[in-house]
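Numbering (the numbering used here), first residue to last: 21 to 350.
Backbone N, C-alpha and C define an ideal beta-carbon position, used for all residues, glycine too.
Since the model is a prediction, treat every value here as computed from it, not as a measurement.
Following: one structure in structure tokens, then a few remarks.
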Ligand code: GZL
């Protein structure tokens, strides 16, 4: 009799497990790669929040910086019959066909970070990410205002723009903001504009080549902190003082940038938060509970961090990097 009871209990447990699995929601994330501290933090945030959610199964693909790998992953997600797809696009173009395949399968799509240029032609439940144009504007505006505090507001200064991955939403938007903002600072002359592909190594290599080929660089606008940190190494190797001989403004607000600011080797970083985990979970919970989606691209409130917190370039005003460095989790 005892054996029969044990067998029935085992069967009931197995059934309850199957029933639980049958109710599980599968969430699939197509991530770009691991090119920067920002990307790592973004992957960790989404993975932690979605992966730890009760009743959800999380699957994730690292495309290793290749769009074709992302498109392959998206088609695999369709084949697997996942319930929700989360996507950030390594570059703006080339997505319409595969995203329409997702729409045809009526799999809800959540767009985060870098957007596809076909947003007006596809269906998606929600979209949120950095306001890249504003981030680019703030970078140059901060540098322009800082020069004024140094009494160099009228001095002609040479500006180099180190761009992110060519054709990515972050690079396109930040470059648009960089160039638009420069019009308000006629003393800032653009002497170089090239991609460092959002990586430290490529930022260092590009800065090394610029220092050999360009007479004078007074300001470096690096479209992410990783490239700025790579450039700092090149500047020091060339016997110059980063943060003084060359004013350096990054973007992302990763902890390593805060340390460089505290150390006096970097002057400011414009925040672009990677911590999308809570927002993605909220999106999916809304979706599952029948809340209608929205095609409006949402931007988080973001700050500007420097040494003194004295320069306000709009949005969330400047905050002293040294005061909040210990709070940084990425
Ligand atoms: C911005 C994100 C960018 C970061 C880089 O939202 O797409 O990609 O600024 C990252 O650090 O590589």
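Check: So, is residue 100 buried or exposed, given that buried needs 16 or more other C-beta atoms within 10 angstroms?
Finding: exposed
Next item on the list: Put residue 266 into one of helix, strand or coil per three-state DSSP.
Entry: strand
Note to self: Let me check understanding here. Comparing Cα to Cα, which of 240, 263, 174 and 144 lies closest to residue 210?
What the structure shows: 240
Checklist line | the region 162-181 touching the region 89-100, judged by at least three CB pairs closer than 8 Å | finding: no
Note to self: With distance defined between alpha-carbon atoms, name the residue in 208, 245, 253 and 225 nearest to residue 236.
What the structure shows: 208
Note to self: Taking a contact to mean a Cβ-Cβ separation below 8 Å, would you say residue 303 touches residue 145 in this structure?
What the structure shows: yes
Next item on the list: Compute the Euclidean distance between the alpha carbons of residue 228 and residue 247, then round it to the nearest angstrom.
Entry: 12 Å
Margin query: Check whether chain B comes within 8 Å of residue 124, counting only Cβ atoms and requiring the distance to be less than that.
Written below: The displayed structure is made up of one protein chain only, and chain B is not part of it.
Notebook entry, point to check: Relative to the ligand GZL, is the shortest distance from any of its heavy atoms to the C-beta of residue 123 smaller than 7 Å?
Noted result: no
Next item on the list: Classify residue 152 as helix, strand or coil using the three-state DSSP reduction.
Entry: helix
Checklist line | Buried or exposed (CB count within 10 angstroms, at least 16 for buried), residue 129 | finding: buried
Next item on the list: Identify the continuous beta strand (DSSP E) that holds residue 45 and give its terminal residues.
Entry: 45-51
Next item on the list: Report the rounded CA-to-CA distance for residue 57 versus residue 23, giving the unit in angstroms.
Entry: 56 Å
Notebook entry, point to check: Within the chosen definition, does the region 289-306 reach the region 318-331 through at least 3 CB pairs nearer than 8 Å?
Noted result: yes
Next item on the list: Just list the beta strand (DSSP E) runs in the region 291-347, keeping only unbroken ones of 3 residues or longer that don't cross its boundaries, in chain order.
Entry: 324-326 and 338-340
Next item on the list: Assess, as a yes-or-no matter, whether the region 217-231 is touched by the region 156-168 under the definition of 3 or more beta carbon pairs within less than 8 Å.
Entry: no
Notebook entry, point to check: residue 212 lies in the beta strand (DSSP E); which residues open and close that run?
Noted result: 208-215
Note to self: Which residue marks the beginning of the alpha helix (DSSP H) containing residue 79, and which one marks its end?
What the structure shows: Unbroken run through residue 79 is the beta strand (DSSP E), 76-82; no alpha helix (DSSP H).
Margin query: Considering Cα atoms alone, identify which of 266, 347, 294 and 163 is closest to residue 330.
Written below: 163
Next item on the list: Please go through the same chain and pick out, in chain order, the residues whose beta-carbon is closer than 6 Å to the beta-carbon of residue 349, but skip the five residues on each side of it.
Entry: none
Next item on the list: Mark residue 252 as exposed unless 16 or more other C-beta atoms lie within 10 angstroms of its C-beta, in which case mark it buried.
Entry: buried
Margin query: Excluding the 5 residues flanking residue 157 on each side, which residues of the same chain have their C-beta closer than 7 Å to its C-beta?
Written below: 197, 200 and 201
Check: So what does DSSP say about residue 246, is it helix, strand or coil?
Finding: helix
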